[in-house]
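Each remark here refers to the structure printed beneath this line.
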Amino acid sequence: MEDKDVEKAKSDIAELRQLLEKEFEALKSQNFDVFEKCLEEKNTVLADISNSGVIERLKSLSSESTDNDANSKTLSVLHKSLSDCRDLHRRNEVLIRHKIIAIRETIASFSLEDNPLSETYDNLGNLKKGLRKRSHNLN
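Residue 0 is where the sequence shown starts when you use numbering that gives the first Met the number 0, and the numbers rise one by one after that.
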């Protein structure tokens, strides 16, 4: 395994981590232009990591070789770094889900028909009460 391939993979994973942090900050501040740019860059970096095949080659080298300590250690470091990135991605996903729920609830609060406590006049000028219950479909 060439050191430059491993170093490139480490560099890509570090860049991915930075993009995930930047994405989180953009989500918190609701800066959607930065968020979309991060998504594009993140997809490019993920494709680079996937297409490099470094992890697969390290797996095969560590299983074939009797002296696989260096390859196993490198593989472990890469897996740990990718696991950290996965956790950051999940954190961002949770924030996105919470924002979507908040937006849906805000939209629902503007809808008088969905508010069981609201009283409105119908076309004939009679007072009517909204009796529909809100469904909370959060999927």
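Virtual Cβ for every residue (Gly too), placed ideally from N, Cα, C.
Residue i, DSSP secondary structure in three states
| i | result |
| --- | --- |
| GLN29 | coil |
| GLU104 | helix |
| GLU14 | helix |
| GLU63 | helix |
| GLU1 | coil |
Local Cβ density within 10 Å of residue i, reported as buried at 16 or more and exposed below that
| i | result |
| --- | --- |
| ASP11 | buried |
| GLU22 | buried |
| SER61 | buried |
| ASP86 | exposed |
| VAL5 | buried |
Residue i Cβ short of 8 Å to the ligand HEM heavy atom set
| i | result |
| --- | --- |
| LEU57 | The ligand HEM is not part of this structure, which contains no ligands at all. |
Distance between residue j and residue i (C-alpha atoms, nearest Å)
| i | j | result |
| --- | --- | --- |
| ASP2 | SER108 | 57 Å |
| ASN91 | ALA69 | 33 Å |
| SER75 | LEU38 | 27 Å |
| ASN103 | ILE95 | Note on residue identity: the sequence assigns Arg, not Asn, to residue 103. Going by the C-alpha atoms only, they are around 12 Å apart. |
| LYS58 | LEU77 | 11 Å |
| HIS50 | LYS7 | Correcting the residue type first, residue 50 is Asn in the shown sequence and not His. Distance between the alpha carbons of ASN50 and LYS7: 12 Å. |
| THR73 | THR105 | 48 Å |
| CYS84 | ASP47 | 15 Å |
| ALA25 | ILE99 | 15 Å |
| VAL139 | LYS27 | The requested residue 139 does not occur in the structure, where the chain is confined to residues 0 to 138. |
Same chain only: Cβ atoms within 6 Å of residue i, ignoring 5 sequence neighbours per side
| i | result |
| --- | --- |
| GLU40 | LEU18 |
| ARG16 | CYS84 |
| ASN30 | none |
| SER71 | SER61 |
Cβ-based neighbour list, residue i, same chain, cut-off 7 Å, excluding 5 preceding and 5 following
| i | result |
| --- | --- |
| LEU81 | ILE12 |
Cutoff 9 Å: residue i Cβ touching any chain B Cβ
| i | result |
| --- | --- |
| LYS7 | The structure shown contains no chain B; it holds only a single protein chain. |
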